[in-house]
Structures are given as C-alpha cells and as structure tokens.
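**Q** Residues 2 to 479 (the numbering used here) make up the sequence shown, in order.
C-beta atoms are modelled at their ideal positions from N, C-alpha and C, and glycine is treated no differently.
Quick caveat, the model's predicted, so the values are computed rather than measured.
For reference, the structure I am asking about is given below.
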Amino acid sequence: MNTNDLLQEACEAFNAGDLKSAEKCYKKILRDEPNNCEVLFILSSMSLHNDNSKRAKYFIEKALTIEPINEKYILHFSSILRKEKEYEKEYNFLKNILNKIKTPELLMKLGEVLRLLLKNNKAEKIFLEVIKLEPKNYLALANLGDIYNCERHYSHAEKYYKLAICANSNFPQIYDALGKFYLKLGKYEKGWKGHEYRLQHGISNLKDIPRRWDGDKYPEATLMLICEQGFGDIIQFARFIPKVKEYFKKIKFFCQKELISLLQVSFPYCEFIEKCGKLPLDYDFHIPIMSLGEVFNIKEDTIPSPNQYLSTTNEQINKFKPIFSSKVKNIGFCWMGNLKNQELLHRAIPLDKFSTIFNYSNINFYNLRKDDTGDDITPYANSLDNVFDYTNKFNDFNDTAGFIMNLDIVITIDTSVAHLAGALGKETILLLSYNADWRWLVDRNDSPWYGSITLIRQNKINNWDSAICAVKKYLDEK
C-alpha cells in the first residue's frame, strides 16, 4: 500500500472516530518516510489530544529538527509547553525562534506566556508590536486592556477594551472582561451587563437553557438556581437566596455536593440537588446564580447581608471544639488555592514566605487548605509546636465552617476560604495580589460584600513582603 492509500485510509479512520486505526496508518507511513513532517505533526496532535504530552513532544520535536522555522509546528510545540505549564521553557523557545521568523501569531504566543510569567512590561511591548503589524488584532488589544487593568492604569485599560470590541464585536470574552473591569471600579450597572457575556464563552452550557427568569414575581412557580464557576463564587452569591424566595413559591438549587450540607443549614426552604449529570428540567424558570447581581440591579449600598448570612450547627462547631486551646489565639490560614487554574496562581503566596507569620508563641495556627497539591504544610506542622493540620477531618464545607467558627481570626489569600469566613461573619484578613479580583474593588481595605474582612493588598506585582509585614503588624496589635 503506497503513501497516498495509507493517508486516505488514515483519514477515513480518523473521520469515523477510529483513532487507533488512524494512528497505525500514520506510523506505517513513517516507517517508509521517517522525515514526513506532516505525519509527525498529526501524530503529535493526536498524542496531545490523548493527554500524552511526552509523545506529543517527541513527534513535534522531530518535525522541528527537519523544518525548524515552520510556523504551524512552532505554534503547536508552544501549545504543548503551555499545557504542561513549562512557561519559562516556552518563553525561551519562542524568544529564540523570533530571531529567525517573526509573525503576529508567534508574537501573540510570546506575549501570552510573558503575561503568565507576570512580566507585564515585556508583554506590553510585544502586544504593541503586534498592533503595529495588525492594527485590528482584537486579541492583542484585549491583552493590552488586561495588562493596563492589572497595572492599575484604568483609563488605558478601558480604552483598549473598547478598541478590541471595535475590532471584533462578536468576541464575548472582551465584553466579559470589560464588565468585570467596571465591577472592579464599582460601576455596577455597566459591570453586571458585561458580566452576562460570561455565559457565551467559558460556561456556554448555561446560555441555551430554556425558560430563563426575567426578574418578575411568580408566586406559584418554581425557580432553579444553577451553580457556576468556583466554590467561592457560589458562597458569595448564596446571600441572594432569601431575596429570591420573595419571588417564588419554591426554590431549587443545582449545586456542588461539597456545599450542600452547609447551605441547607442557612436556607432550609431551598431544595438542593447535587450537580452530577444533566440539569433536571422540573422547574418553571432558571437563573445562573451569578446573574442575580444584574437581575436585582445590585449596587454597593444594596448588597444584602454584608455581615453574616451563613451559619452551621452547634453540633458541627462542638465537633471541633476540643482541638482548640483557650489560652492562646487560634488563627486559621490559607496561603494557596486551586493550582489547576493557572490564572489564579498570582494569588498564591510561597509557603516559605507566608510561614514567617508563625513566629508567635501566643498564637496557634491551623491550616484551612484542603488541597494537597503544591507546597506542603506537613513539615511545618511536624516541626513547629504552634502549627496544626486537621484538614483530613474536613469532608465538605460544613466541616470547614464548623472548624472556622472555633477560630479567633482567619488569614487567607483570595480563595473559597475567604468567602466562607466572610459569609460566617468571622474576623478575616484577606491578602490580595496587586491585580485583585473585581469583587474586592480598588483602593480600599474593607469590602461591601463582607463586613468582617480586612483587605491587605500587594503594593507591587508579585511582591508579598509588604503585605506579610502588614499582617504581622495586625497580629502585634492583637
């Protein structure tokens, strides 16, 4: 069988979904034509699709040794390194390539990885170079909006977001970014409107669900609330459930199982349905929970229950009470969130830097981070008399809530722990990165969402030193 026949057979197998047969055909071609770069590229793409990055790298690196300045192969290899979070390696690879071949697509890749490395000044220059080559490159314009937003150059950020929309009015991510930008500045009416565009991209499974609630009262109807995004988002917007109750006879909530037992305590009139499989359709209207901000036209002075709106049972609190000493301050801490979300890595604090707050003989510190990836607290818990880790006793957020209610203070980065502590009304110190999330607004140390939270912000990008010093000062005064 010649190469053309094998290619046709491989194509037919691929189109039929028989990837194993397709791969066999491509490998047969390589036996006779080991330098067939297109086949090497196809095999690399198939390997990447099957989450085998090692094989994907092997095939594409071989292709690149034969055609080192083939843009398609370069972009593919860059994507493999991006998926593996090998950002430094990707940066160096692209930097070297751009000495030989320079295109807007390659420059975009370089700018993106520079942003992931928190090198915004270098990324800005790259995206401006892209715009010189392609003035209507909406992705470059949007990235510049993000950079200026991150750098707190808000007028520039708004300008470039709007230029990006002018360049491509059919890209919902930009409207979403602009919406979050307005929310961050406290411009809630424009912010909520833009925030609705999130339903048209990252969580697009919510955009086509029938019978969306229009905000009117339906005293005999059933509303289905739908969870979206992370645990912290759900905790933050759960405060609206009592207000929703004024509009409907019955409320159901399609929700992550980890939150259900906690939310049931505070909202016993709500029926909770574990999020697994397809959304049940036994409702009259539905609403994604983070759309309630727009439905209720929420502004800073109308945010409900800023002091406390969640509670747990005495049984949950007493379950953990024997752990704590009444002779010292008991402080819970969280230094890192979900490592799977690369966009949130800038919020995390290296544990060796965060651990400098443990140097208090009159304070016991308790880990609140359940995830066991990333920096490990175990060495500190084993070597220090005042650092403890009982997270193996946490089965869900109701357990975490019971534990937190025994604490005097919580010190945390921006993660679900912050939202939980704030919703419980627990005194909380929240350490924010320089480019803090929209919900924490700008230039303030308090939050209209949570009255018990004190905000401490980075004064430079990726520099936690001053924030850690502020925490120590806060503890000294306690």
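Measure the beta-carbon distance from A168 to K137 and round it to whole angstroms, keeping in mind my assumption that it falls under 8 Å.
**A** With a Cβ gap of about 4 Å, A168 and K137 count as contacting.
**Q** At a Cβ threshold of 8 Å, is A168 touching chain C?
**A** Of the protein chains in this structure there is only one, and it is not chain C.
**Q** How about L442 and K185: do their beta carbons lie closer than 8 Å?
**A** Yes, these two residues count as a Cβ contact at 8 Å.
**Q** Check whether the segment 375-387 and the segment 297-314 touch, using three or more Cβ-Cβ pairs below 8 Å as the test.
**A** No, the segment 375-387 is not in contact with the segment 297-314.
**Q** Let's test the definition: count the other Cβ atoms within 10 Å of the Cβ of H50 and tell me whether it reaches 16, buried, or not, exposed.
**A** With fewer than 16 Cβ atoms within 10 Å of its Cβ, H50 is classed as exposed.
**Q** Tell me the start and end of each unbroken alpha helix (DSSP H) in the segment 115-160 that is at least 4 residues and wholly inside, in chain order.
**A** Listed in chain order, they are 121-134, 139-151.
**Q** Got a sec, what are the start and stop residues for the beta strand (DSSP E) Y367 sits in?
**A** 364-368 is the extent of the beta strand (DSSP E) around Y367.
**Q** How long is the line joining the alpha carbons of K133 and S467, rounded to whole angstroms?
**A** Taking the straight line joining both Cα atoms gives about 38 Å.
**Q** So G423 is in the alpha helix (DSSP H); what residue range does that whole segment cover?
**A** Unbroken alpha helix (DSSP H) run through G423: 417-424.
**Q** Can P220 be considered in contact with the ligand MN, in the sense that its beta carbon sits closer than 7 Å to one or more heavy atoms?
**A** With respect to small molecules bound, the structure shown includes none, and the ligand MN cannot be examined in it.
**Q** Using only alpha-carbon positions, find the residue among N464, G146, T313 that is nearest to L164.
**A** If we check each option's Cα against that of L164, G146 comes out closest.
**Q** Got a sec, what are the start and stop residues for the beta strand (DSSP E) R458 sits in?
**A** Note, R458: beta strand (DSSP E), 454-458.
**Q** For A64, collect the residues of the same chain with a Cβ closer than 6 Å to its Cβ; drop the 5 residues on either side in sequence, then sort them by chain order.
**A** Excluding positions up to five away in sequence, the list reads C38, L41, F42, Y74.
**Q** Would you be able to state if there are at least three C-beta pairs under 8 Å between the segment 405-416 and the segment 382-389?
**A** No, because fewer than three Cβ pairs between the segment 382-389 and the segment 405-416 fall closer than 8 Å, the two stretches do not touch.
**Q** Thinking just about the alpha-carbon of each residue, which of E87, L129, I70 is nearest to the one in F98?
**A** It should be pointed out that residue 98 corresponds to Ile in this sequence rather than to Phe. Of the listed residues, the one whose Cα sits closest to I98 is I70.
**Q** Determine the DSSP secondary structure at H287, reduced to helix, strand or coil.
**A** Three-state DSSP puts H287 in a strand.
**Q** With DSSP as the reference, please indicate the residues paired to E272 in a beta bridge.
**A** Paired residue(s): K253.
**Q** Please report the distance separating the alpha-carbon of A346 from that of Y219.
**A** Strictly speaking, residue 346 in this sequence is Leu, with Ala absent from that position. One C-alpha to the other measures close to 43 Å.
**Q** From R213, G231, F232, pick the residue whose C-alpha is nearest to that of T223; which is it?
**A** The residue with the shortest Cα to Cα distance from T223 is R213.
**Q** In angstroms with no decimal places, state the Cα-to-Cα distance between Y162 and R153.
**A** Cα to Cα, the separation comes out at about 14 Å.
**Q** Which same chain residues, not among the five before or five after I127, have their C-beta less than 7 Å away from its C-beta?
**A** Closer than 7 Å at the Cβ level, and outside the excluded window around I127, lie L108, L111, G112, L115.
**Q** Please go through the segment 186-246 and give each complete alpha helix (DSSP H) segment of 4 or more residues, from N-terminal end onward.
**A** Complete alpha helix (DSSP H) runs here, min 4: 189-196, 232-238, 242-246.
**Q** Can you check whether the CB of Y198 is closer than 8 Å to the CB of G180?
**A** For G180 and Y198, yes; Cβs fall inside 8 Å.
**Q** E272 to P105, Cα distance in whole Å?
**A** E272 and P105: Cα-Cα distance of roughly 52 Å.
**Q** According to DSSP, is V388 part of a helix, a strand, or is it coil?
**A** Strand at V388.
**Q** Kindly indicate which three-state DSSP category I414 falls into: helix, strand or coil?
**A** DSSP places I414 in strand when its eight states are reduced to three.
**Q** Considering only the beta carbon of each residue, do W465 and K330 sit closer than 8 Å?
**A** In this structure, K330 does not lie closer than 8 Å to W465 by Cβ.
**Q** So, G294 versus T416, is the Cβ gap smaller than 8 Å?
**A** It is not a contact, given that the beta carbons lie outside the stated cut-off.
**Q** Measure the C-alpha to C-alpha separation of Q265 and R56 and round it to an integer number of angstroms.
**A** Approximately 47 Å, taken between the alpha carbons.
**Q** By Cβ distance below 8 Å, which residues in the same chain neighbour R445 in space, the five residues on each side in sequence not counted?
**A** For R445, where only same-chain residues beyond five positions count, the Cβ hits under 8 Å are L456.
**Q** Just grab the DSSP bridge partners of L293 for me.
**A** None, per the DSSP bridge assignment.
**Q** Just verifying my parser: in three-state terms, what is the DSSP assignment at L431?
**A** L431: strand per DSSP, three-state reduction.
**Q** For L226, count neighbouring C-beta atoms within 10 Å of its own C-beta (all shown protein chains included) and say buried if the count is 16 or more, exposed if not.
**A** It is buried - the Cβ of L226 has at least 16 other Cβ atoms within 10 Å.
**Q** Just to confirm the assignment, what range does the beta strand (DSSP E) spanning F359 have?
**A** It is not in any beta strand (DSSP E) - F359 carries neither H nor E in the DSSP assignment.
**Q** Taking 8 Å as the limit between beta carbons, can you name the residues of its chain near E130, skipping five residues before and five after?
**A** Closer than 8 Å at the Cβ level, and outside the excluded window around E130, lie L108.
**Q** What separation, rounded to the nearest whole angstrom, lies between the Cα atoms of L369 and I67?
**A** Their Cα atoms are separated by approximately 51 Å.
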